[in-house]
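**Student:** Numbering (the UniProt record's numbering), first residue to last: 1 to 409.
This is the structure in structure tokens:
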């Protein structure tokens with residue numbers, strides 16, 4: 001077929017238009033153009049089908065190297081700016097545009113990947129913040145449980161003391177019932193022997209039960225001082241002082257100084273009793289005077305210069321709290337193993353074993369702070385054992401606050 005077209009092209013090249021007339025030549029040319037257009041239409045259809053079967057990129061080089069240059073030669077643009085290299089420039093521009101399209105497509109895909117990565121990072125960051133909030137809430141809950149556990153430990157200790165007191169009261173009741181039975185006995189001999197026999201000293205078992213009962217009552221009374229009288233004194237002082245820290249410091253110092261004065265009064269009382277109950281003792285009048293001296297010591301607490309107060313308030317405001325604390329502290333010194341307050345100093349390290357075993361933090365403390373700013377309530381100890389925990393306040397920057405002087409107990 002290609003050979004046939006070449007022969008026809010050769011005939012057209014050597015066509016002698018002068019042999020026949022002009023009309024006949026035009027008619028032949030029109031027929032040839034018509035036939036050529038039909039053939040070209042069929043060729044382009046075949047070209048389209050062939051290129052489609054080859055895929056997107058098959059045959060591209062052939063089309064660029066043969067078809068496009070031929071189209072540029074066969075259909076020249078009637079413009080002065082068009083040259084013979086127009087088809088080549090068009091091919092180059094087409095290649096550049098395709099390259100730009102590929103670059104833009106790759107850039108778009110890269111940007112989309114970056115956006116996906118940023119979205120994942122934002123989602124991860126939000127999840128991390130949520131986990132941090134949950135962790136902080138869990139830590140706060142743990143601290144709340146710790147405070148409740150400390151209260152439960154104190155309650156269990158008080159429960160044991162109350163059980164001991166009940167046991168003592170039960171034993172005392174049995175002893176009283178036995179005495180009542182003996183007193184109602186009709187036998188004259190036991191009644192005579194009872195009056196003639198000397199007074200017997202209290203048995204060690206009963207003395208131990210009596211001491212245990214008083215011990216339990218004093219521990220319970222000390223807890224009541226913290227839960228009732230302290231809050232009443234605090235409410236009274238808050239009417240005149242807005243700073244809660246100053247009020248709590250005043251109450252703490254008053255409590256510590258009351259124990260100091262009570263211990264000193266008890267030592268003086270024992271010395272007075274030894275002198276009064278010496279062999280030269282002539283009657284109960286001097287003993288009554290020694291008991292009255294304890295009340296004098298309690299009254300002197302109202303003007304005790306060692307208790308620090310703010311100048312805005314008067315000492316008389318919490319005199320009832322001081323008196324009751326003195327009474328409890330004085331009675332604690334009469335036990336076989338006296339109850340006392342733990343040694344305190346401001347500021348001190350919270351993470352130390354001694355501090356954590358003797359105190360718990362207040363509700364408004366910063367639970368991540370390592371230092372104690374001030375003490376709210378002292379801890380009660382018996383020898384080296386902690387009976388009732390005290391309360392402290394921890395905040396950050398405690399070292400910037402002037403260190404308080406150690407309060408000896």
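Ideal placement from N, C-alpha and C gives every residue a C-beta, glycine not left out.
(1) Can you tell me whether residue 145 is helix, strand or coil according to DSSP?
(2) With 16 other CB atoms within 10 Å as the buried threshold, where does residue 176 fall?
(3) Residue 213 and residue 165 - do their beta-carbons sit closer together than 7 Å?
(4) Using the Cβ count rule (16 or more neighbours within 10 Å means buried), how would you classify residue 151?
(5) Where does residue 350 fall in DSSP's three states?
(6) For the beta strand (DSSP E) containing residue 373, list its first residue and its last residue.
(7) DSSP three-state call for residue 116: helix, strand or coil?
(8) Mind checking which residues open and close the alpha helix (DSSP H) that includes residue 325?
(9) Mapping the DSSP letters down to three states, classify residue 387 as helix, strand or coil.
(10) Do residue 375 and residue 252 have their CB atoms nearer than 7 Å?
(11) From 94, 319, 50, pick the residue whose C-alpha is nearest to that of residue 68; which is it?
(12) Do three or more CB pairs link the segment 319-338 to the segment 249-264 at distances below 8 Å?
(13) Residue 372: buried (16+ other C-beta within 10 angstroms of its C-beta) or exposed?
(14) Excluding the 5 residues flanking residue 366 on each side, which residues of the same chain have their C-beta closer than 8 Å to its C-beta?
(15) Is the segment 335-344 in contact with the segment 375-392, if contact means three or more CB pairs nearer than 8 Å?
(16) Taking Cβ to Cβ, would you say residue 236 is nearer than 7 Å to residue 247?
**Tutor:** Quick look at the numbers:
(1) Three-state DSSP puts residue 145 in a helix.
(2) Exposed, because fewer than 16 other Cβ atoms sit within 10 Å of the Cβ of residue 176.
(3) It is a contact, given that the beta carbons lie within the stated cut-off.
(4) With fewer than 16 Cβ atoms within 10 Å of its Cβ, residue 151 is classed as exposed.
(5) Residue state for residue 350 is assigned as coil, using DSSP reduced to three classes.
(6) Here the beta strand (DSSP E) through residue 373 covers 371-377.
(7) Correct three-state label for residue 116: helix.
(8) That run of the alpha helix (DSSP H) goes 319-332.
(9) In the structure shown, the three-state DSSP call for residue 387 is strand.
(10) A contact, by the Cβ cut-off of 7 Å.
(11) Taking the Cα of residue 68 as reference, the smallest distance to any Cα among 94, 319, 50 is reached at 94.
(12) Short answer: they touch.
(13) Here residue 372 is buried, its C-beta having at least 16 other C-beta atoms within 10 Å.
(14) Taken in chain order, the residues that qualify are 394, 395, 396.
(15) Between the segment 335-344 and the segment 375-392 there are three or more inter-stretch CB-CB distances shorter than 8 Å, so the stretches are counted as touching.
(16) For residue 236 and residue 247, no; Cβs fall outside 7 Å.
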